[in-house]
Structure formats: C-alpha cells, structure tokens
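Residue numbers (our numbering): 1 to 77.
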C-alpha cells in the first residue's frame with residue numbers, strides 16, 4: 001500500500017495556466033484559404049473549433065497566427 005501513495009514533496013505540481021506563443025510562418029509560404037478570406041476584416045474574429053470551443057481573436061492579431069493556433073488545437077499539420 002505504501003507504493004501507491006506519494007508524499008507532497010515528490011508530487012509534481014502542474015501549472016494552472018500554460019502560456020502559448022504562436023509565431024507566424026515565413027512570408028514565402030502560401031496561406032490557407034481561410035486566412036486569405038479573413039485578411040480584409042477588422043474587429044474580432046470568432047472561430048468555432050468544435051461544438052464546445054469558440055475562440056475570439058482580436059482584429060489586430062495576424063491571421064496567420066490565428067490559423068496556426070486553430071490547426072494546433074485541432075491537431076492538424
């Protein structure tokens with residue numbers, strides 16, 4: 001039974017928040033069609049990733065960064 005318990009000093013504490021940084025791809029790579037369509041907009045872009053997840057991205061964020069974030073959340077490559 002002793003092997004199943006862990007002391008507080010040996011437990012690994014996980015952070016409540018993990019910062020995420022997405023850098024834009026180099027300029028010479030083509031953009032996905034969704035990024036091209038959204039480049040002319042302003043304000044807030046709302047993206048529905050799944051039935052229970054919506055992202056609201058401010059208009060001053062580069063569309064490329066939003067696309068990469070959505071792809072990362074969906075597990076797309």
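For each residue, glycine too, the CB sits at the ideal point set by N, CA and C.
Separation of residue j from residue i, as counted between CA atoms
{"i": "residue 44", "j": "residue 60", "result": "8 Å"}
{"i": "residue 57", "j": "residue 49", "result": "12 Å"}
{"i": "residue 64", "j": "residue 52", "result": "23 Å"}
Presumed contact (8 Å Cβ cut-off) between residue i and residue j, rounded CB distance
{"i": "residue 55", "j": "residue 70", "result": "7 Å"}
{"i": "residue 47", "j": "residue 62", "result": "That pair is no contact at about 14 Å."}
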